[in-house]
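Worksheet: the structure to be examined is printed underneath.
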Amino acid sequence: MSCSVLHHVEVCVKDNRFLHLLTKGFGFAPFAHRITSASTKLALRSGTSVFVVVKRNSEENNQHGQNGTEITKDVMNGCSNGYTNGTTELACESIYPRSSWLQSEREHWTVFCCEKTSRHIRDSVFNVALTVKDIDTVTERVKSHGGRVIKEPTEISDAEGRVRYSVVSSCLGNIVHTLIDKKHYKGTFLPGFESIEKHDEISIVLESITNLFKKDSRTNTNGGCELLSKDNLKTQTPDFMVANCLKSPNSLNIPRSTFIDHVTYVCEIGKSSEILSWYEKCFGMKRFKTNKDESENEGFVLRENIGLRLKAMEYWRCAETFLAAPDANNEDKSLKLVIAEPLPGVSTSHVQAFLKAHGGPGIQHIGLHTPTMVATVDFMAKNGVIFRKAPPVYYEEGIKLEEIQDAGHSEEVDLFKELGILLDTEADAFSEDGDKQNNKSYLMQVFTGPLFDEDTFFLEVIQRKGAKGFGAGNIVALAKSIIIHNQKMNG
């Protein structure tokens, strides 16, 4: 069980393709699931990285509770008008219902990336769940700074203990935070989720869940969802086949990610400072420099056709307020959030493209840390993950060849090129002795292509070799790789 302040990240999808990628491509293993009238959820992990993939159950399911109580479309739509909190106008015109439906015991943990209708519009990564020391205090603090309480603080328990939690909106787009206090809980994940422990259970449950993730989800007459039995599964041919190598969360003898390194938000022009201020006031997070040349007021700015401003914040290791990271190790107990803001006058930037495709601000990408970069990326590529590739000139003399060689990867240049791995040793604000070149600190990273129908989310695989922050070359490589991808897609 992870002790990171980041408990899990939730992804709302329309079908099972993202599940396919997480299990077969990225090596994540399912370990808990939950099915209610409103939604089907599957929790998957790799190391301490945890994703919860959620899908609305069919509209027929959503119209009735367990006792047949009608839930009107207005309640399911349940979204309020946009509002202002004194610092920034929150783009949440229609986000979550303030109704007895979400407060019911059957719908603990139920939250969607819904927009202006009750139906799923686009896939989105929307919920950054955080471990919190005092649910009531933090929830009230969020409320006092303009956030909306989607789910009031409540307690849920099972045989493994009790958990207190709430759900609040953030100050940015459709992003929400499930706030969790589980210091009195010893279970695998959360109360209300059924754990998947035995090897043979994983395949059965995964195939059952992914059948429910089909567009024509099976239903029963009581308005709930029918879990397929082992016998029924023999007659089914799901459109997602379980990865043959999938066994259990701890038995995969393959390279994998170990924790979530960072989460990157995209905001609208001029909003990054307000977002930083909101997260500091609500959660005690602090700004940190992504590069030694970063301006305190302006952030790290990349002009010309990149058109990008970056600022970052962190809930720092061993902090004593607001969030909680009990017994976490040095690698995964901090939470890093990066804010990517478009610059005025650059309409072709990748962040502007995200805002258009996503319908507003939101989570653009998540960085997964790995201790074995080449082996991990090679495994993922062989199992269907498509990575963006830098142009061949990137690996030539005068560009990056010398850096790659100086970092000790001379024999892997061709492999880096084949896999799309980027390397950066540019000095940044977090070199331990201030001299990164002498310290040989560097990062390796690679970026996937879009993982949803719209270009609204991708994953990054990153390995840090002494580097503590984000080097300028990394950021440039990210922006340029996306621009190159978009140019190829547009012919």
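At position 53 of the sequence shown (counting the first as 1) the number is 53 in UniProt numbering, and the numbers step up by one without a gap.
Think of the CB as a built atom: it goes at the ideal place given N, C-alpha and C, for glycine as much as any other residue.
Given residue i, which residues of its chain have a CB within under 7 angstroms of its CB, disregarding the five upstream and five downstream residues?
i      : result
Thr348 : Asn305
Ala407 : Leu423, Thr425, Lys440, Tyr442
Val176 : Val111, Phe126, Asn127, Ile150, Val167, Val168, Ser169, Ser170
Leu415 : Val374
Thr139 : Val149, Pro153, Ser166, Val168, Leu179
Lys389 : Gly420
Gly299 : Ser272, Arg309, Leu310, Lys311
Among residues of its own chain, excluding the 5 on either side of residue i, which ones have a beta-carbon nearer than 6 angstroms to its beta-carbon?
i      : result
Thr131 : Val5, His7, Ile180, Ala324
Gly147 : Val168, Ser169
Glu155 : Arg162, Arg164
Asp455 : Ala357
Ser157 : Pro191
Glu294 : Phe300
Nearest-angstrom Cα distance between residue i and residue j?
i      : j      : result
His369 : Lys271 : 28 angstroms
Leu302 : His108 : 43 angstroms
Asp123 : Leu451 : 9 angstroms
Leu335 : Asn297 : 22 angstroms
Ile462 : Phe259 : 10 angstroms
Glu194 : Asp261 : 27 angstroms
Glu402 : Gly192 : 53 angstroms
Glu60  : Ser410 : The pLDDT assigned to Glu60 is 42, lower than 50, so where the model puts this residue is not dependable; a value taken from the coordinates is nonetheless given after this. Looking at the two C-alpha atoms, the distance is approximately 59 angstroms.
Lys234 : Val263 : A caution first: Lys234 carries a pLDDT of 30, below 50, which makes its placement in the model too unreliable to give a value.
Leu44  : Lys55  : 14 angstroms
Tyr165 : Arg17  : 30 angstroms
Pro391 : Ile35  : 45 angstroms
Cys267 : Phe354 : 10 angstroms
Met285 : Arg464 : 22 angstroms
Leu337 : Glu314 : 6 angstroms
Glu10  : Ile363 : 11 angstroms
Gly345 : Ile339 : 19 angstroms
Lys468 : Thr290 : 9 angstroms
Glu460 : Gly367 : 4 angstroms
Lys14  : Ala38  : 13 angstroms
Asn383 : Lys281 : 43 angstroms
Ile196 : Pro30  : 7 angstroms
Ala159 : Thr48  : 23 angstroms
Lys400 : Lys41  : 43 angstroms
Asp136 : Trp278 : 18 angstroms
Phe283 : Lys183 : 18 angstroms
Phe458 : Gly173 : 18 angstroms
Tyr395 : Lys417 : 7 angstroms
Ser257 : Phe28  : 9 angstroms
Val142 : Ala129 : 14 angstroms
Ile269 : Ser46  : 35 angstroms
Assuming residue i and residue j make a contact with CB atoms under 8 angstroms, what is their CB distance in whole Å?
i      : j      : result
Leu310 : Pro342 : About 11 angstroms; that fails the 8 angstroms criterion.
Phe189 : Ala32  : 4 angstroms
Leu19  : Val53  : 6 angstroms
Phe26  : Met380 : 6 angstroms
Val377 : Val446 : 6 angstroms
Pro361 : Tyr265 : 7 angstroms
Gly466 : Ile386 : Gly466 to Ile386, Cβ: 30 angstroms. No contact.
Give the DSSP bridge partners of residue i, in chain order.
i           : result
Leu423      : Met444
Ile35       : Thr40
Phe51       : Val9, Leu44
Ile121      : In DSSP, Ile121 forms no bridge with anything.
Ala29       : Arg45
Asn127      : Glu10, Val176
Glu460      : Gly367, Phe447
Gly473      : Answer is none; Gly473 lacks a bridge partner.
Arg56       : Ser39
residue 496 : Nothing about residue 496 can be reported from this structure: the residues present for the chain run from 1 to 491 only.
Apart from the five residues just before and just after residue i, which ones in its own chain have a Cβ nearer than 8 angstroms to its Cβ?
i      : result
Val413 : Tyr395, Leu401, Ile404, Gln405
Gln352 : Gly307, Pro342, Val346
Hey, which unbroken runs of the beta strand (DSSP E) at 3 residues or more fall wholly within the UniProt domain "VOC" (259-417)? 259-266, 286-288, 300-302, 308-315, 335-342, 362-369
Note down, one range per segment and in chain order, each alpha helix (DSSP H) of at least 4 residues found wholly within the stretch 129-208. 135-144
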